[in-house]
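What follows is a single structure, written as structure tokens, with notes after it.
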Amino acid sequence: MTAIEKRLLVNKIVLGLSSLSALIGIGFLFWILYVLVANGIDAINWNIFVFEGAPPGYEESGLRQALIGQLILVGVATAVGVPLGILAGTYLSEYGQKSKLAEIIRDISDIMMSAPSIVIGSFVYAIIVLPMGHFSGWAGVVALAIIMIPIILRTTDDMLQLVPSTLREAAFALGAPKYKVIMQVVYRGAKAGVLTGVLLGIARVGGETAPLLFTSFNDNFLNYDLSEPMASLTVTMFNYATSPYEDWQKMGWAAAFILSMFILGLNILGRLILLKKKGR
Amino acid sequence: MTLLIDKLFANATRFVAVAILLLVAWIFTVLFQHSTEAIAAFGFDFILQDKWAPNLEKFGGFAAIAGSVISTFLAMLFAVPVAIGVAIFLSEIAPAKLKSPVGVSIELLAAIPSVIYGMWGLFYFVPIIRDVFGGLGIGMLTAGIILAIMILPFMAAVTRDAMNTTPDILKESAYALGATKWDVIKDVVIPYAKAGIIGSLILALGRAVGETMAVTFVMGNVHKISLDITAPATSIPVTLANEFTEADTDLYFSSLFELALILMVMSFVIIALAKFYFLRRTRKVK
Chain G
-14 MTAIEKRLLV NKIVLGLSSL SALIGIGFLF WILYVLVANG IDAINWNIFV FEGAPPGYEE
46 SGLRQALIGQ LILVGVATAV GVPLGILAGT YLSEYGQKSK LAEIIRDISD IMMSAPSIVI
106 GSFVYAIIVL PMGHFSGWAG VVALAIIMIP IILRTTDDML QLVPSTLREA AFALGAPKYK
166 VIMQVVYRGA KAGVLTGVLL GIARVGGETA PLLFTSFNDN FLNYDLSEPM ASLTVTMFNY
226 ATSPYEDWQK MGWAAAFILS MFILGLNILG RLILLKKKGR
Chain W
2 MTLLIDKLFA NATRFVAVAI LLLVAWIFTV LFQHSTEAIA AFGFDFILQD KWAPNLEKFG
62 GFAAIAGSVI STFLAMLFAV PVAIGVAIFL SEIAPAKLKS PVGVSIELLA AIPSVIYGMW
122 GLFYFVPIIR DVFGGLGIGM LTAGIILAIM ILPFMAAVTR DAMNTTPDIL KESAYALGAT
182 KWDVIKDVVI PYAKAGIIGS LILALGRAVG ETMAVTFVMG NVHKISLDIT APATSIPVTL
242 ANEFTEADTD LYFSSLFELA LILMVMSFVI IALAKFYFLR RTRKVK
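Protein chains in written order, with my numbering: chain G, -14 to 265; chain W, 2 to 287.
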């Protein structure tokens, strides 16, 4: 075999291997999606939306408390986390810019973004659950908000920086004060990007389970009071899936299906908004 | 009046930004404070002892720490070659028509919550491992594979992005010299993207260390170190997830907080290394 033949052979083998690994990777991932859809469609019925959790064996058992609890937890966490994240991101992009402080905050929030969420859960347990003496929806909200803030902060920072400085200068030249320039020019210019960041942040937080295990805990009944333990789709899913009862496991799949569709939907929506903006 | 609002707004943004910094410091402080009882009781032995017996008030974190290290190592062992293969496929081999749909589906799958990977693992993957390797099917090996699948999409996407930054002109010059595709990948693309690739691997490592739900389903939570990777085991996140709501004594709690502190430090160091050492250069590029 000549040197060239050998190189061509090695080339073929490597290219074959990496195409194969792409197939393996995608194969696994589609397997998971298939399992989700097949089990999910099978398990979803009207009862799930109208009934609350019941002991195994009961026909009239559902996920209403978890669906509503999830919406409340994620909704309130978003209401807390988004404004704080946007404010901090505004500081980095518009005031701090390349200053030392701003760079440190960027680095730290990058690290926070990848910090294990279960550690955030134990932190919130220590500062809220222990002093209050019991699990509560508020503790879950705080844990989710802490996870969300760095994501919103970093995307806001990136997206505001993309707004051309000529726009700012033009507004300044008209005599506008800085806060007005930021509110009416910069925010408007970066609207689509920031919205995408918010959607991705909600999607990320919506799938969190670990930090809720010992903050908002769980509840089998519908509850609107954040100072009490509160059910969430993810924790309910965890409990049901690890239970030995077949009908509970089935409800776990229903919860898994609803949650993944919600999260994939948010991700796709976020991407579409960015695409549309780029296309313009 | 406008001046006042202007000042207020500027200070509000600065206040919130600095609060994020303080929050991180607060997290470390609180975890440390709550660990002091365990630290006082066991000292450095906590890290080296593997006996975890809540009923005897004896807590040693070694089994959990080792479990975290081993499961993460296994995950990287399985995931790195496949992820780099996927990245090479996406950035160099795939025809233009495939690139975007395959790339987007991989990125979307990275968004699926880890609790779902865990559930799939428990119901569909554990039986396979049980049939092939015997035993319960629950344990280190299963956890390593599930973790690998979980971090694969993320790793592949970031590695692909790093590879895509290679200037076309470098690749074209190599092709013009008669290089095969593999020559170009090996001698041009990988060296050019090296820092970014290593950074993405370390970042994935950081995720694997702290990943909780995907492994909680399939690990078994047994505080024992076994040479058999098909035997049930535990890791720091698995211990926290399973035992936090069960802990009944102060010392038990304190030991769990010490584990959380160790996990936080581990992931902080890993992520900081990836970010500051390898990804600094590529960060502004995207």
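Backbone N, C-alpha and C define an ideal beta-carbon position, used for all residues, glycine too.
The region 239 to 250 of chain W makes contact with the region 181 to 199 of chain G, as at least three CB pairs between them are under 8 Å. For W:Ala234, the secondary structure class from DSSP, reduced to helix, strand or coil, is strand. Between the beta-carbon of G:Asn205 and that of G:Gln55 there is about 14 Å, and that puts the pair past the 8 Å contact cut. Below the 7 Å Cβ cutoff, chain W contributes Pro114 and Val116 as neighbours of G:Thr219, in chain order.
For W:Gly211, the chain G residues whose C-beta falls within less than 8 Å of its own C-beta are Ser99, Ala100, Pro101, Ser102, Ile103 and Val104, listed in chain order. Among the residues facing chain W, G:Asp232 is not included, as its CB has no counterpart in that chain under 8 Å away. Close CB contacts of W:Lys100 within its chain, under the 7 Å cut and outside five residues either way in sequence, are with Leu91 (chain order). Inter-residue distance for W:Ala194 and G:Gly182 is about 27 Å (C-alpha atoms, whole angstroms). Three or more beta-carbon pairs separated by less than 8 Å are not found between the region 155 to 163 of chain G and the region 83 to 96 of chain G, which leaves the two stretches without contact.
Cβ-Cβ separation between G:Ser245 and G:Leu21: approximately 6 Å, consistent with a contact (criterion under 8 Å).
Per DSSP, W:Pro154 is one residue of the alpha helix (DSSP H) stretching across Met141 to Asn165.
Secondary structure at W:Lys172: helix, using DSSP grouped into helix, strand and coil.
The C-alpha of W:Met151 lies about 7 Å from the C-alpha of W:Ala111. With contact defined as three or more Cβ pairs closer than 8 Å, the region 248 to 260 of chain W and the region 33 to 53 of chain W are in contact. Of all residues in the region 76 to 99 of chain G, only Tyr76, Leu77, Glu79, Tyr80, Gly81, Leu86, Ala87, Ile89, Ile90, Asp92, Ile93, Ser94, Asp95, Ile96, Met97 and Ser99 come within less than 8 Å of chain W when Cβ atoms are compared, listed by chain position. The C-alpha of G:Ser121 is placed about 27 Å away from the C-alpha of G:Pro229. Considering only beta carbons, the part of the region 133 to 164 of chain G lying closer than 8 Å to chain W consists of Ile134, Pro135, Leu138, Pro162, Lys163 and Tyr164, in chain order. Residue-level contact check: G:Ile243 does not touch chain W, since none of the beta carbons of chain W fall below 8 Å from its beta carbon. A distance of 8 Å or more separates the beta carbons of G:Phe108 and W:Leu202.
In this structure, W:Thr213 lies near W:Pro238, with their beta-carbon atoms less than 8 Å apart.
For W:Pro82, the chain G residues whose C-beta falls within less than 8 Å of its own C-beta are Ser6, listed in chain order. Annotation: the continuous alpha helix (DSSP H) that includes W:Glu259 extends over Asp251 to Ala273. Going by beta carbons, G:Leu48 and G:Met215 fall outside the 8 Å limit. In the DSSP assignment, W:Val81 falls within the unbroken alpha helix (DSSP H) covering Phe63 to Ile89. Under a 10 Å Cβ-count criterion, W:Gly145 is classified as buried, with 16 or more other Cβ atoms of the shown protein chains found around its own Cβ. The region 184 to 194 of chain W and the region 153 to 171 of chain W touch, with no fewer than 3 CB-CB distances between them shorter than 8 Å.
Rounded to whole angstroms, G:Ile26 and G:Phe247 show a C-alpha spacing of 14 Å.
Taking 8 Å as the cut-off, the beta carbon of W:Ser115 is found no closer than this to the beta carbon of G:Pro101.
For W:Gly207, a Cβ of chain G is located within less than 8 Å of the residue's own Cβ. Note that the C-beta distance between G:Thr75 and G:Thr141 is below 8 Å. CA-to-CA, the gap between G:Leu260 and W:Ala158 works out to about 18 Å.
Rounded to the nearest angstrom, the gap between the Cα atoms of W:Gly122 and G:Leu(-6) is 37 Å.
A direct Cα-to-Cα measurement between W:Trp53 and G:Glu37 gives close to 38 Å. Put simply, of W:Gln50, W:Ile130 and W:Val17 the residue whose alpha carbon is nearest the alpha carbon of W:Lys225 is W:Gln50. Annotation: the region 8 to 65 of chain G contains the following complete segments of the alpha helix (DSSP H) (minimum length 4 residues), in chain order: 32 to 35. A direct Cα-Cα distance of roughly 15 Å separates W:Thr250 from W:Ala41.
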